[in-house]
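Visitor: Questions regarding the structure given below will be posed in turn.
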Amino acid sequence: MAKGKSKRKKNAREIIHLQCTESGQINYTTKKDKKNHPERLELKKYCPALRKHTLHREVKK
19 MAKGKSKRKK NAREIIHLQC TESGQINYTT KKDKKNHPER LELKKYCPAL
69 RKHTLHREVK K
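Numbering-wise (our numbering), the sequence shown opens with residue 19 and increments by one.
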């Protein structure tokens, strides 16, 4: 291995996208540990298209 480089450990965290349920836009991305939380994430977040807080659900991109 080259000097100064370290091996990356494989992690169960994946990048997910949060889509607004009202406008259909994907406004947010975040990371989630699929092993500890296999269910889909739902959060109330601000939707800039509608200019209000709405429910955002996890979607596959």
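All C-beta atoms in this analysis are idealised placements derived from N, C-alpha and C, irrespective of residue type, glycine included. If you're wondering where the values come from, they're calculated on a predicted model, not measured in any experiment.
1. If you follow the beta strand (DSSP E) that Thr-48 is in, where does it begin and where does it stop?
2. Could you spell out the range, first to last residue, of the beta strand (DSSP E) harbouring Thr-72?
3. Please name the residue in His-71, Glu-40 and His-35 whose C-alpha comes closest to that of Lys-62.
4. Check each candidate in His-55, Ala-67, Asn-29 and Leu-59 and name the one with the smallest Cα separation from Val-77.
5. Can you tell me whether DSSP reads Leu-31 as helix, strand or coil?
Guide: A quick look at the data gives this:
1. In the DSSP assignment, Thr-48 falls within the unbroken beta strand (DSSP E) covering 44 to 51.
2. Annotation: the continuous beta strand (DSSP E) that includes Thr-72 extends over 70 to 77.
3. Cα-wise, what sits closest to Lys-62 is His-71.
4. When the alpha-carbon of Val-77 is set against those of His-55, Ala-67, Asn-29 and Leu-59, the nearest one is in Leu-59.
5. The sequence as given places Arg at residue 31; Leu does not occur at that position. Looking at Arg-31 - three-state DSSP - the assignment turns out to be strand.
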